[in-house]
Amino acid sequence: MHIKNDSLNILVIVLFVLFLTLPFANKAVHIDDIVFLYISNQITKEPLKPYSFSLEWSTLSGLATHITDPPLISYYAALITVLFGESKFVLHISYIIFPLLAGVSMYCISKKFLKKPLFPTLFLITSATFVVMSHNFMLDIPFLALFLASLAFYIYGVDSGNYYLISLGTLFCGLAFLTKYSGLILLPILAIYSFLKKNPKSLLCLSIPVTIILAWNLYTFKLYGVPHSLQIFYYMLGSQSYFLPKSVLVRLITNFTYIGGASIFPFMLIYLFLSDKNNRFYGLIILAFALISSAILYFVSADFSYRYTVPQLILFAFFLFAGIFFIFVIAKHYFTAIIKLLKTSGINGLNKLLHVIKIRHSNDFFLFSWFIVGFLFNSTIAGGAARYSTTLVPPLMIMYFKVIKRHKLLSARKIYNFVVLTLILNLVLSIALSYADYELAGTYRDFADYADKYKTGEDKGKIWFAGHLSFQYYMEAKGYTALGLNDNSPKKGDFIVKAKIPSPRAFSPLLKERIILIETKSYKSDFPLRIHNAQARAGFYTYGGGFLPYSFSNSNLEDFEIYKVIR
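If you count the sequence shown from 1, you need to add 14 to reach my numbering.
Have a look at this one:
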């Protein structure tokens, strides 16, 4: 890949990434971070047995094979831990390599489709989903980095006939799979590119990731008696509601709200396209749909833990409208020519269609196919959280700039000013959301220290806890004990702590009769943004918290209930 002439742009990307990550390097362990840190800890003890440890997780307990993600990034974390110790600050610094790789790979891909690849790259690395997730130990940004690196090597390899680059691309595809099983979607995306570029021989190189996939599953089958990739399917099939139309509809709707609220600054996402009078009629229809959906949500949410307020419903309608309208404009742009061809009947029409797809519009068709594969996957299988939309942002950003350029919606100077303003607003929003998430993560680290007073007090009872995610990480680090399912083993004088957000297990009926609430420790914040809070209806990490990627609220960050066993 020829990037020597692009050194200044690469430097800009690096500086943006460092500016957005280094200030948050002291962030507490958060949400699902615990899983990958526990696997990392196990790897330092038994490198060839990553899941051979016990884990209490949600409704599951026992051997950690029920974790649904592969361990590649945990091996990286284990290596950093062995070399530099167990400092989470150092580990955060070491993870900056992933947003850097994602940014450089995005730049290289954008360069294939646009004459000015810097802006779509900056839009990606300043997007809310990208920035917030780059501060965690979760897999989303490492996966995106390997995903984009795979695409970049493969695209350049296919276009140049360089099978060394093609092989590197497919190797990174295998590594993406070993990071998240969602990496499977790379196989059809790479195959589509080979098909469109009339390079069927390059498909042979897909045997590399296929071999990696088979080898990993054979190894885990030998070790644990089941191919580990099947764990995610066991999880989905074990959930009676996962594939119900209602569940799929919720994932589809939240996909739109996450794109509308957390990809580009929302108003800037739609402003340019609404300036085109040809889009306004469709915009009104989509707006009406969003408002009706918001009204329906108001009545449906009467059965929720917290009913949506009017401001939250307005925000929901706006995000839903922005997401649907943006994707509609993109789809309309890319398929206008193809729709015209579809009106031509017979074999000749089909041949003309294939000819246009393969020759004149192959790049456009590939970009939209890339997005559609990811969008359908998120809507049917892996969606339900804003962080999953990180894989959708890259093709959307490239298509966004292609549409702006082709339709000449503004003069070159005005477009430049618009893009700069959007970048600034993106930065402000992403930093604000990152700070809100930083505050939330810190509550669990702080409370674990606060709970010490019950351990060192006059009663000196044993401390139990109900809750998972990062709360579990910090409580177990203090030596406190997780409360099991229907667990009635706490004794008189013991204390039980229950966190509100991280999926606490319900107390057994017998235990309920023996405890009293002695304190509620609440963590408040004057900062008005909430990113994961059921009362605010913000569900950045899961739509269980709400259908908004973020919301404005003065609700408590977290509430911890402390009970004492009295008999």
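All C-beta atoms in this analysis are idealised placements derived from N, C-alpha and C, irrespective of residue type, glycine included.
Cβ neighbour criterion (16 or more within 10 Å) applied to residue i
i	result
F33	exposed
V434	exposed
G559	buried
I310	exposed
Y178	exposed
S403	buried
S21	exposed
S150	Checking the displayed sequence, the identity of residue 150 turns out to be Asn instead of Ser. The residue in question, N150, is buried, as its Cβ has 16 or more Cβ neighbours within 10 Å.
V240	exposed
D47	buried
A302	exposed
Y430	exposed
K125	buried
P542	exposed
G274	buried
V511	buried
T193	buried
K236	exposed
G99	exposed
I306	exposed
K291	exposed
T79	buried
A276	buried
P516	buried
I131	According to the sequence provided, residue 131 is Pro. The question's Ile does not apply to it. Label assigned to P131: buried.
T628	Any answer about residue 628 is impossible in this case: the structure gives the chain only from 15 up to 581.
F330	buried
DSSP bridge partner residues for residue i (one or two, in chain order)
i	result
H546	G553
K578	F509 and I530
K535	F574
F480	For the sequence presented, residue 480 should be read as Ala rather than Phe. For A480, which the question treats as bridged, DSSP gives the partners K512.
A396	Answer by DSSP bridge pairing: none, since A396 is not bridged.
L562	A552
T495	W478
Assumed close pair residue i, residue j - CB separation to whole angstroms, cut-off 8 Å
i	j	result
T271	C219	Contact doesn't hold; Cβ gap of about 38 Å is too wide.
V343	F287	5 Å
Y238	Y65	7 Å
T268	Y555	Wrong, their Cβ atoms sit about 12 Å apart, outside the cutoff.
A450	I328	About 20 Å separates the two Cβ atoms, so there is no contact after all.
A116	L162	5 Å
V407	F144	7 Å
Y488	R519	Contact flag wrong, Cβ pair sits at about 17 Å.
V43	L51	7 Å
L381	I412	6 Å
N19	Y121	No, N19 and Y121 are not in contact; Cβ-Cβ is about 12 Å, not under 8 Å.
Residues near residue i by beta carbon distance below 6 Å, same chain, minus five either side
i	result
F391	I199
A39	F103, H106 and I107
I81	V49
K476	D508
S196	A396
I203	W384 and V387
L441	T140
Own chain partners of residue i with C-beta closer than 7 Å, once the 5 adjacent residues on each side are dropped
i	result
S208	V172, P214, S216 and L217
I284	A336, F339 and F340
D573	K514, T534 and S536
T58	A92, T95 and V96
D378	Y348
L439	F279 and M282
L531	E575 and Y577
Q326	R551, L562 and S565
L114	V28 and V31
N231	P241, H242 and S243
F133	F415 and V433
S569	R544, N547, Q549 and A550
P156	I87, F112 and T193
T405	L158, F161 and G388
G297	L288 and F339
N502	S522, L524 and L525
Distance cut-off 8 Å: residue i Cβ against heavy atoms of the ligand ATP
i	result
T556	Among the components modelled here there is no ligand, and therefore nothing to report on the ligand ATP.
Contacting residues, own chain, Cβ-Cβ under 8 Å from residue i (five flanking each side not counted)
i	result
D552	Sequence inspection shows Ala at residue 552; the Asp mentioned does not correspond to that position. Here the set comprises R544, I545, H546, G559, G560, L562, P563, Y564, S565 and S567.
R401	T143, V146, M147, M152, D154, F554 and Y555
I222	S181, T184, L185, C187 and G188
S448	L34, F38, V145, V146 and H149
To test your reading of the DSSP string, which unbroken alpha helix (DSSP H) runs of 4 or more residues are found completely within the stretch 221-270?
221-238 and 244-252, all fully within the stretch 221-270.
Return the chain-ordered ranges of every alpha helix (DSSP H) run that is complete within the stretch 435-463 and spans a minimum of 4 residues.
none
If you scan the stretch 162-220 from start to end, which runs of the alpha helix (DSSP H) of 4 or more residues do you find wholly inside it?
177-191 and 200-210
Inside the stretch 286-360 only - alpha helix (DSSP H) runs reaching at least 4 residues:
291-314 and 324-356
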